[in-house]
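Protein chains in written order, with my numbering: chain A, 79 to 715; chain B, 67 to 387.
Accompanying notes for the structure given below.
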Amino acid sequence: MSSIDLTWVIGGPQGGGVETAANIFAGACAGCGLKIFGKREYYSNIKGEHSYFGVRVSDKTIRSNVSGITMLVGFDAETLFRHVADVFDDGAIVYESDLAAMKMDEVPTLDAQFKERLKKYLASKNKPFTIQGLLDEAKERGITMYPVSFREILANLSDETKNPKIRGMFRMQNVLAVSVSLGLLGLPPDTLLKSVGSIFSRKAEIAEMNKVAANYAYNLATVKYSKFKYQLSQIPKEEHTMLVQGFQSTGLGKIACGCRFQSYYPITPASDESVFLESNEIFEVENNRPGSTLVVQTEDEISAIGMIIGASLTGTRSATSTSGPGFSLMAEALGWAGINEVPIVVTLYQRSGPSTGLPTRHGQDDLQFAIHAGHGDFPRIVYASGDTEEGFYDTAKCFNFADVYQIPVIHMMDKFIASTVSTVKRFDSTKITIERGKLLEKIEEAGYQRFTPSPDGISPRSRLGLENGIFWNTGDESDQAGHISEDPENRVHMMDKRAHKLEVALEKIPKEDQATNHGISDFCILSWGSTKGPILDAIDMLKKEGYKVGFIQIKLLHPFPTQYVQSLLSGVKTIIDIEANQSGQMGSLLNEHLDRKVDYYILKYTGRPMTCNEVFDSVKKIIDNKAEKKQVLTYGV
Amino acid sequence: MVSNVADYKTEVHNDWCPGCGDFGIVSAIQMALAEMEIPRHKAAIFSGVGCSGKTSHYINTYGVHTLHGRVLTFSQGAKLANPEMTVVAVGGDGDGLGIGAGHFVAAGRRNVDMTYIIFNNGVYGLTKGQASPTLKLGLKTKSLPEPNVNQSVNPIALAIASGYTFVARGYAYDVRQLKDLIIAAVKHRGLSFLDVLQPCPTYNDINTRDWFSGMDNIDEMTNKPRPRIYKLEDTGYDAFVHIDSPDEENEKLTQALIKSNEWDSKIPTGIFYKNEIIAPYDERMSERIPNYLENPPAYQEISSAGKPITNISKMLDALEI
């Protein structure tokens, strides 16, 4: 059996059911044991703008997207205009045949910059600025064309099932398009029908109608068209595989590790996690009453962080989830949590900034901000996850850091991870530990002081409501009881006490939690967060061509694990910094802490995630000594 | 048996200006806590930033001196996580109606079962007397270079419009009435708001203690001052929403708004509006999470011997292929 690795892309106007279609496709493939890596791209818009979903399917482990499309599905003109140029020469296009005469200027949602680029391209190929022109060019490149009249399918289906309603149900185009695709790709029909059933599981009647339509379109594809050259097939299924969206990982992690209070203000892409928590607010607890997470939607992010600080003071594990603009508003209160040694977790789903930036697009722009947010010197931990699976287990670690060091923790996630749908090994709660540090359950005697000195800088922690545990907190500098103090000696003592906790953290946090050593080599990639997937896939590709590249993924970004990273890098000749931001923010950290400079940068800040091909090409150029010091990646619509 | 007021006092040196209205408020809070016999560890005073922000340090219960304008956010979070606590939030009028105005309005919508007291003196004291949101248009208090160019916000009306279910006003120099109002506010099921007129002897040289007691307005017949402050209860005013009907609610809301507009010669104190028909936040939560109050976030067990005890297998099953 030849290996499977193809990318299927479906596009359409926002609100038109693109996501449903992609979920059916992904579900059907995953149901056949295939591995999935899918991502959604969308505009900051509710209805009408172009959104698309790309699903990469393989029989081997995949952790990233590729540059290019194996099969494109378009039932609207914009999808074709936007993506046809990206289809591989040996790829295929399934498209609504009625669209051929559409002109580029008839699509109002195509922006001027894009049209200009596409017109230049078509003009260079001597083609008119129409769908027909575009498709002719594609055909000349060798692309297999599958014109389908979805309108006709609906009409025929309506007649055959004697259900006149179906004739006008254009929303069903999505299901038809997936079904035609899977017919052409040769996936067994039963997995398709199962997937349709599970997507519409809450609405029996709609599920039934869609199953009939799916079956009809699937059969039509197998009868009317010749098979596509690349075929999908069932492979042995790995047990306990889940199809998970990235934001669900931190949500599940929070529930598992005992976060019982989450507040948030709606923001893309972070709020999906909070909605997920609210949808699962009640759960079973072993040998105990049912547990619950109180999810509070606040009036702004200032309130969101204020509430979790208040909740944490009662001993409750508490968190908020936000993105860059919201995190900016939280900066002042972050310092309050710092000076008062309150454990909180801020899950920071980064997107492209500054300001509103590219509000629905990916970016890793907030590393330096997370490290420095808030005025004054105070300790915090900044920890970054590389993918969905890490998101789950790292969430539990972040809460342990918060509790043990009595410190605010910023858990770095991003839009790429949030909107990735992928096949992941079932999360295992038994691998999680819960460490609550010096949180007190009982205080027998009077005389408790919240900020009692201790060799590790960490004082026993009372909680609101505990007898004999009364304390005071203040945003001012305070004495050991927590009352305002402007005494200069006390000030030095308290500042040093708090700062010392970070030294302790660096000693105590295991090396494997500080950074992941994916292999060391003369050429070594240094990165953090969601670039992990594209980098690992690129390294596999490079290996096949005989290139050896190392990769160190830094997870603990503050306090910076200087010693460990130094030891890992000691034999490395060339450091390649790969990040999804403009300035190479982690490179600056390296310079600051190790006094070592990055040799090459590979950066991407288009708002679109890196593909493995982009990383592959640019690393290869570096090793071949053909690269500029800084390469900027641009692939993606 | 009434607890000892002294138990609720700390030894922290109080550095408010001599004659400050804040002294009366902090005493009234201590007296109210003692009279209600609330165990010290079951009460938490949250404060904002400004002169009034220091209140939490003077009261011997849990005390959380938060950020400027944010006291309601911290205090609501604590109350929601541990509903057994008696939570009182305090702050100045600049804190609550200027920088914190958004939180003031949002809190009304939630109706969390706690109390919010604003120390209302018309100026930003700790920054040396700038005009605050409650200073009337055109007034020029001592340290203003020019008269105030902004209109004032009406805290009582704003609270009513925002959905507070208990709205009252006290006067810092009538500690007995204030103590009773605090007790009524704390006992109210829902979010209670108390606007306390608190003369600032240092920076507000217009709305002074003498002004409130009418020293500038002597009755020629009796040769006595005509006090501006009066008690609503003395006029037969009924603040309570007794029955669950829109007419009743409208009537009580409207009369409260009308009363809230009285100023200059007659300034009402007492309870303006009280409605216990509207469910507090914890009741709304209990409808979603039936055991919320008996097993609130702060008391849930989350681990056993360092291992999680939350069973997420159903959620994982739903994601399995």
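Using N, Cα and C, we set each Cβ at its ideal position, and we do this for glycine too.
Short CB-CB distance (under 8 Å) between residue i and chain A
i: residue 128(B); result: yes
i: residue 67(B); result: Note on residue 67(B): pLDDT 43, under 50, position unreliable in the model; the coordinate value appears next. Cβ-Cβ to chain A under 8 Å: no for residue 67(B).
i: residue 80(B); result: no
i: residue 262(B); result: no
i: residue 57(B); result: Absent from the model: residue 57(B). The displayed extent of chain B is 67 to 387, so no value can be given.
i: residue 315(B); result: no
i: residue 245(B); result: no
i: residue 217(B); result: no
i: residue 47(B); result: Coverage of chain B is limited to positions 67 through 387, which leaves residue 47(B) absent and any answer about it impossible.
i: residue 133(B); result: yes
i: residue 358(B); result: yes
i: residue 221(B); result: no
Residue interval of the beta strand (DSSP E) (run including residue i)
i: residue 487(A); result: 486 to 492
i: residue 186(B); result: 181 to 186
i: residue 602(A); result: 601 to 605
i: residue 334(B); result: 333 to 340
i: residue 272(A); result: Premise fails: residue 272(A) lies in the alpha helix (DSSP H), 267 to 277, not in any beta strand (DSSP E).
i: residue 85(A); result: 83 to 91
i: residue 427(A); result: 422 to 428
Start-to-end residues for the alpha helix (DSSP H) that takes in residue i
i: residue 674(A); result: Looking at the DSSP string, residue 674(A) is not in any alpha helix (DSSP H), and its letter there is neither H nor E.
i: residue 122(B); result: 121 to 124
i: residue 107(A); result: 96 to 109
i: residue 99(B); result: 88 to 102
i: residue 289(A); result: 282 to 302
i: residue 328(A); result: 324 to 335
i: residue 224(A); result: Looking at the DSSP string, residue 224(A) is not in any alpha helix (DSSP H); the run it does join, the beta strand (DSSP E), is 222 to 226.
i: residue 655(A); result: Not the alpha helix (DSSP H): residue 655(A) falls in the beta strand (DSSP E), residues 652 to 657.
Residues of its chain near residue i, where Cβ-Cβ distance is below 7 Å and the 5 sequence neighbours each way are ignored
i: residue 354(A); result: 325, 326, 329
i: residue 321(A); result: 104, 105, 108, 114, 499, 501
i: residue 314(A); result: 111
i: residue 275(B); result: 239, 265
i: residue 407(A); result: 378, 379, 380
Test: residue i CB closer than 8 Å to a CB of chain B
i: residue 79(A); result: Reliability of the predicted coordinates at residue 79(A) is poor, the pLDDT of 45 falling under 50, and the value obtained from them is presented with this limitation in mind. Closer than 8 Å: no.
i: residue 131(A); result: no
i: residue 325(A); result: no
i: residue 109(A); result: yes
i: residue 360(A); result: yes
i: residue 97(A); result: no
i: residue 507(A); result: yes
i: residue 363(A); result: yes
i: residue 160(A); result: no
i: residue 366(A); result: yes
i: residue 504(A); result: yes
Nonlocal neighbours in the same chain, by C-beta distance under 6 Å from residue i, ignoring five residues either side
i: residue 551(A); result: 418, 560
i: residue 79(A); result: Residue placement at residue 79(A) is flagged as unreliable, the pLDDT there being 45, under the threshold of 50; the coordinate-derived value follows with that caveat. Closer than 6 Å at Cβ, skipping near neighbours: no residue.
i: residue 160(B); result: 190, 198
Cβ-based neighbour list, residue i, same chain, cut-off 8 Å, excluding 5 preceding and 5 following
i: residue 146(A); result: 85, 164, 165, 166, 169, 691
Uninterrupted alpha helix (DSSP H) stretches inside the segment 210 to 266 of chain B (no shorter than 4 residues): 221 to 228, 241 to 253
Contact list for the segment 406 to 428 of chain A against chain B, Cβ threshold 7 Å: Flagged, chain order: 410, 411, 414.
Members of the segment 311 to 323 of chain A that neighbour chain B once the beta carbon cut-off is set at 8 Å: Result list: 315, 318, 319, 320, 321, 322.
Residues of the segment 540 to 566 of chain A whose Cβ lies closer than 8 Å to any Cβ of chain B, in chain order: 541, 542, 543, 544, 545, 546, 547, 548, 549, 550, 551, 552, 553, 554, 560, 561, 562
Residues of the segment 369 to 394 of chain A whose Cβ lies closer than 9 Å to any Cβ of chain B, in chain order: 369, 370, 371, 372, 374, 376, 377, 378, 380, 381, 382, 383, 384, 385, 386, 387, 388, 389, 390, 391, 392, 393, 394
Chain A contacts from the segment 194 to 212 of chain B (Cβ-Cβ distance under 7 Å): For the segment 194 to 212 of chain B, which is checked against every Cβ of chain A, not one residue is closer than 7 Å.
3 or more residues per run - each beta strand (DSSP E) lying fully within the segment 431 to 479 of chain A: Correct list: 459 to 462.
Near-chain B residues of the segment 328 to 350 of chain A - C-beta to any C-beta below 8 Å: 330, 333, 334, 335, 336, 338, 339, 341
Members of the segment 94 to 107 of chain B that neighbour chain A once the beta carbon cut-off is set at 9 Å: Residues 105, 106, 107.
Chain B contacts made by the segment 510 to 527 of chain A, where a contact means CB separation under 9 Å: 510, 511, 512, 513, 514
Runs of alpha helix (DSSP H) lying entirely within the segment 118 to 168 of chain B, each at least 4 residues, in chain order: 121 to 124, 137 to 147
Within the segment 118 to 191 of chain A, ranges of the alpha helix (DSSP H) (whole runs, at least 4 residues): Here the runs fully enclosed are 155 to 161.
Segments assigned alpha helix (DSSP H), at least 4 residues, entirely inside the segment 531 to 565 of chain A: Here no run is fully enclosed.
Chain-ordered residues of the segment 367 to 386 of chain B with a beta carbon less than 7 Å from chain A: 367, 368, 369, 372, 373, 374, 375, 376, 377, 378, 381, 382, 385, 386
Interfacial residues, the segment 277 to 302 of chain B to chain A, with Cβ spacing under 7 Å: none
Chain-ordered residues of the segment 142 to 161 of chain B with a beta carbon less than 8 Å from chain A: 142, 143, 144, 145, 146, 147, 148, 150, 151
Contiguous beta strand (DSSP E) assignments of at least 3 residues, all confined to the segment 338 to 417 of chain A: Taking only runs of at least 3 residues, the beta strand (DSSP E) segments lying wholly in the segment 338 to 417 of chain A are 339 to 342, 360 to 363, 372 to 375, 396 to 400.
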